[in-house]
Ligand code: LLP
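Numbering (my numbering), first residue to last: 522 to 903.
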């Protein structure tokens, strides 16, 4: 919920900008950590979702680990107090420099996505006279049934290693003297709201665990990735995802061996609802069938609608006129895909009104760019 206090503050800043509601972030973190610690689960925050300084520090204070996908994310996590022993490093294209630095920093685990990557990590670990801890990212071939750009667990995806390659991979790991296999890693996609999908993942992991168990391979860590979705339609009704229900799927359906530790890499579920993109109405333009509401934020500030046909709740927060109108809400960028919503019914809007694009705390600011030589978007936390 955007409070009147927030709206008054918004009027002081130059639009467009992101606002992160720190109180909601803290409440979300209380929820996620309460249930995870009750069950003994380890949660790593996926930095890719949001790297605002205050947001990161707050998450770190609640004791989460870090999930990074680049050398710079590792650097950022370390700068914000995350212990290297909590950092997992994923990505299909880790560069030599990134691998060397991750080894220098003694991160907890490399989530490995190909055989060749494992061999390269082995070489660099040898050079530093160290043993690199790795998890094999396995492609469980589960359809996350989310947008195809954010579905990652299918065999034809570029991510992970398929089970039919596993014998060979294990042979190679045996040869690699500077590699210690400590975990299995999975991540099937993002914005998953159907708990049945996580249940299927659990059952598939149980089968995969049997496969390793039959070969007497002892795996200490199971990492199920992230993916828990949020309610983009009703952010006021569901500001905090149902972590209890999510974690209980794993408790009920995933069979862990004694002393095995379960890890999660949550991004969106932690930060999405605490962020709003605040924009100002520049013009109202009346078309033949449609009215265009032209705002000062565009796909450069929030790419999700243009890239994934994502829909975010849009509110006029400074005008509660009883009269309504139908609008296409569009940005100023010279691209037809620069559109946030079509045929949206809103209070009759005027030039200068403030518009909130809700649930924008994840994959919003981090994906912003300077196309059309736009200014880099700022963010505020209060
Ligand atoms: N772990 C791995 C290996 C991942 O690839 C991702 C996200 C996560 C964890 C965190 O997933 P989450 O809990 O946030 O679903 N830009 C897209 C989402 C891309 C997700 C990429 N991977 C969007 O705006 O919807």
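Backbone N, C-alpha and C define an ideal beta-carbon position, used for all residues, glycine too. Just so we're clear, the structure is a prediction, and the values are computed from it rather than from any experiment.
If you draw a straight line from the Cα of residue 645 to the Cα of residue 628, it comes to about 14 Å. In this chain, the beta strand (DSSP E) harbouring residue 851 covers 845 to 851. At a Cβ-Cβ threshold of 8 Å, residue 636 and residue 693 count as neighbours. Taking C-beta separations shorter than 7 Å and ignoring five residues to either side along the sequence, residue 561 has no partners in its chain.
Every unbroken stretch of the beta strand (DSSP E) spanning 3 or more residues and falling wholly within the region 719 to 760 is given here in chain order: 742 to 744. Per the coordinates, the alpha-carbon of residue 888 lies some 35 Å from the alpha-carbon of residue 652.
Within its own chain, the residues whose Cβ lies closer than 7 Å to the Cβ of residue 768, once the five positions on either side in sequence are excluded, are 556, 557, 560 and 562, listed in chain order.
The beta carbon of residue 823 sits closer than 7 Å to the beta carbons of 798, 878, 881 and 885 from its chain, once the five residues preceding and following it are set aside; these are given in chain order. Per DSSP, reduced to three states, the secondary structure at residue 640 is helical. For residue 576, no pairing in a beta bridge is given by DSSP. Closer than 7 Å to some heavy atom of the ligand LLP: that describes the Cβ of residue 712. The Cβ atoms of residue 720 and residue 774 lie closer than 8 Å to each other. For residue 878, the enclosing beta strand (DSSP E) stretches over residues 875 to 878. Between residue 537 and residue 817, the gap from beta carbon to beta carbon is short of 8 Å. Residue 823: not part of any beta strand (DSSP E); DSSP gives it neither H nor E.
For residue 539, the number of other beta carbons within 10 angstroms of its own is at least 16, and it is reported as buried. If only uninterrupted alpha helix (DSSP H) runs of at least 4 residues are considered, those enclosed by the region 531 to 587 are 543 to 560 and 574 to 582.
Between residue 684 and residue 740, the C-beta gap is not smaller than 8 Å, which leaves the two residues out of contact.
Straight-line measurement puts the Cα of residue 706 at about 20 Å from the Cα of residue 616.
A direct Cα-to-Cα measurement between residue 850 and residue 814 gives close to 5 Å. Approximately 6 Å separates the beta-carbon atoms of residue 682 and residue 657; this is inside 8 Å, confirming the contact. For the 8 Å CB-CB criterion, residue 743 and residue 665 do not form a contact. Beyond the five residues adjoining it in sequence on each side, residue 842 comes within less than 7 Å, by CB distance, of 868 and 869 in the same chain, given in chain order. Within the DSSP bridge table, the entry for residue 860 names 851 as partners.
Set against 7 Å, the gap from the CB of residue 884 to the closest heavy atom of the ligand LLP is smaller. Within the chosen limit of 7 Å, the ligand LLP does not reach the beta carbon of residue 681 with any heavy atom. Its Cα nearest to that of residue 801, the residue 532 stands out among 736, 532, 526 and 524.
In this structure residue 588 is in contact with residue 611, their Cβ atoms being roughly 7 Å apart against a cut-off of 8 Å. Annotated as distal: residue 789 and residue 900, with beta-carbon spacing of 8 Å or more. In this structure, residue 715 has its beta carbon at no less than 7 Å from each heavy atom of the ligand LLP. When DSSP states are grouped into helix, strand and coil, residue 889 belongs to the coil group. With 16 or more neighbouring CB atoms inside 10 Å of its own CB, residue 848 falls in the buried class.
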